[in-house]
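K.L.:
Got a structure for you, written out below as structure tokens; questions coming shortly.
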Amino acid sequence: MGATLGAVTIASLYFVKVLFLAVMIAAVGIGVTELVRSFATRGINIPLIPALVGMTVMIGGAYWGGTAWLLGSFAMTVLLLMFWRMFQGVENYVRDITATILVLVYPSLLAGFAALLLAVHGEQGNRGADLVLVFIATTVASDIGGYFAGISFGKHKMSSLISPKKTWEGFAGSALACMAVGGWLVSWRLEEDVWKGVLIGAVVVVFATLGDLIESAIKRDLGVKDMSSFLPGHGGMMDRLDSLVVALIPVWVLLTLLV
Numbered sequence: 002m003g004a005t006l007g008a009v010t011i012a013s014l015y016f017v018k019v020l021f022l023a024v025m026i027a028a029v030g031i032g033v034t035e036l037v038r039s040f041a042t043r044g045i046n047i048p049l050i051p052a053l054v055g056m057t058v059m060i061g062g063a064y065w066g067g068t069a070w071l072l073g074s075f076a077m078t079v080l081l082l083m084f085w086r087m088f089q090g091v092e093n094y095v096r097d098i099t100a101t102i103l104v105l106v107y108p109s110l111l112a113g114f115a116a117l118l119l120a121v122h123g124e125q126g127n128r129g130a131d132l133v134l135v136f137i138a139t140t141v142a143s144d145i146g147g148y149f150a151g152i153s154f155g156k157h158k159m160s161s162l163i164s165p166k167k168t169w170e171g172f173a174g175s176a177l178a179c180m181a182v183g184g185w186l187v188s189w190r191l192e193e194d195v196w197k198g199v200l201i202g203a204v205v206v207v208f209a210t211l212g213d214l215i216e217s218a219i220k221r222d223l224g225v226k227d228m229s230s231f232l233p234g235h236g237g238m239m240d241r242l243d244s245l246v247v248a249l250i251p252v253w254v255l256l257t258l259l260v
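When we follow the numbering used here, the leftmost residue of the sequence shown carries the number 2, and every step to the right adds one.
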């Protein structure tokens, strides 16, 4: 299922951008649902439907309305959900609202920056698609490079408390893969200097790794192994999106400034 979803995603990216946007909203929506249900196992109440509506408005608004719409709709969604939760009683109000804001930021708000990249127009009309491709490919390269380097050479643990399987050798493999793919794609697709892609790759590997660790910390705190079994053999959707969403803002900043 993961490979099929990836193929559909890349195809839609270049041929029907609105379809890519729909795939992204669906994927993030599944991730939000997983988070809400995982929090519910600990008695933390997050209103699912309003959170999904807010997420959809944020991502769609970012694509058609830009940064102001993304940030404005995020702020309005937070306020509306604060009011929504207030009418359900004040017990555990602060705890529930804090968790709600976490879900609205991660992954909803962060995913909106992918929509901002997608909306960029160039002379050939595919500039936004190329920017998103650079981001996705470098982040996926981080996972693949880290996996193979980790199982082949991994000995020194990064954080046994949070994620026992992550090693510094795996991180080095992620870094090499990210910088190689970033340099290649930025040169090929964006026709920019290779060093810019290498820099983007270096930033991606740091934040993608932090994304993995954040997800691991959340799961450990909630007492779950995977967010769900939506992707057989891979866990839940959030187990695939964790590195992507956390890396989005720094990559958006670099792509905006450098290319």
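We put the beta carbon where it would ideally sit given N, CA and C, even for glycine. Fair warning: this is a prediction, and the values are worked out from it, not measured in the lab.
(1) Buried or exposed, going by whether 16 or more other CB atoms sit within 10 Å of the CB of Arg221?
(2) Is the beta carbon of Thr210 sitting closer than 8 Å to the one on Ser175?
(3) Please name the residue or residues paired with Thr168 in a DSSP beta bridge.
(4) Which whole-angstrom value describes the C-beta separation of Phe265 and Leu105, a residue pair presumed to lie in contact below a C-beta threshold of 8 Å?
(5) Excluding five sequence neighbours on each side, which residues of the same chain lie with their C-beta closer than 6 Å to the C-beta of Phe136?
(6) Between the Cα of Ala100 and those of Leu223, Val254 and Leu259, spot the shortest distance and give me the residue it belongs to.
(7) Which word fits Phe172, buried or exposed, when buried means at least 16 other C-beta atoms lie within 10 angstroms of its C-beta?
(8) Do the CB positions of Leu191 and Leu14 come within less than 8 Å of each other?
(9) Around the Cβ of Trp70, are there at least 16 other Cβ atoms within 10 angstroms (buried) or fewer (exposed)?
(10) Would you kindly check if the distance between the Cβ of Ser188 and the Cβ of Gly202 is under 8 Å?
(11) Verify whether the separation of the beta carbon atoms of Gly32 and Met239 is less than 8 Å.
(12) Which residue wins for smallest C-alpha separation from Phe16, given the options Tyr107, Val247, Ala115 and Ala130?
(13) Residues in the same chain with beta-carbon distance under 8 Å from Trp196, minus the five sequence neighbours each way, listed in chain order, please.
(14) Please go through the same chain and pick out, in chain order, the residues whose beta-carbon is closer than 7 Å to the beta-carbon of Asp97, but skip the five residues on each side of it.
(15) Please list the terminal residues of the continuous alpha helix (DSSP H) segment that includes Arg38.
(16) Considering only C-alpha positions, which residue in the set Lys166, Ile250, Ile11 and Lys18 is nearest to His122?
(17) Can you find the residues in the same chain that come closer than 6 Å, C-beta to C-beta, to Leu242, ignoring five residues on each side of it along the sequence?
(18) Could you check what DSSP says for Lys197 in three-state terms: helix, strand or coil?
(19) Are the beta-carbon atoms belonging to Met59 and Thr42 less than 8 Å from one another?
(20) Could you give the first and the last residue of the continuous alpha helix (DSSP H) run that contains Tyr107?
(21) Do the CB positions of Ser164 and Ser217 come within less than 8 Å of each other?
(22) Quick one: what does DSSP say Pro48 is sitting in, helix, strand or coil?
(23) Just to confirm the assignment, what range does the alpha helix (DSSP H) spanning Gly73 have?
(24) State buried or exposed for Leu80, treating a residue as buried only when at least 16 other CB atoms are found within 10 Å of its CB.
(25) Along the chain, where does the alpha helix (DSSP H) that runs through Leu117 open and close?
P.N.:
Walking through what the data contain:
(1) exposed
(2) yes
(3) Lys158
(4) The structure shown does not extend to residue 265, since the chain spans only 2 to 260, so no value can be given for it.
(5) Val252
(6) Leu223
(7) buried
(8) no
(9) buried
(10) no
(11) yes
(12) Ala130
(13) Gly184
(14) Ile45, Asn46, Ile47 and Arg86
(15) Lys18 to Ala41
(16) Lys18
(17) Gly32 and Pro108
(18) helix
(19) no
(20) Where Tyr107 is concerned, there is no enclosing alpha helix (DSSP H), given that its DSSP letter is neither H nor E.
(21) yes
(22) coil
(23) Thr68 to Met87
(24) exposed
(25) Leu111 to Leu119
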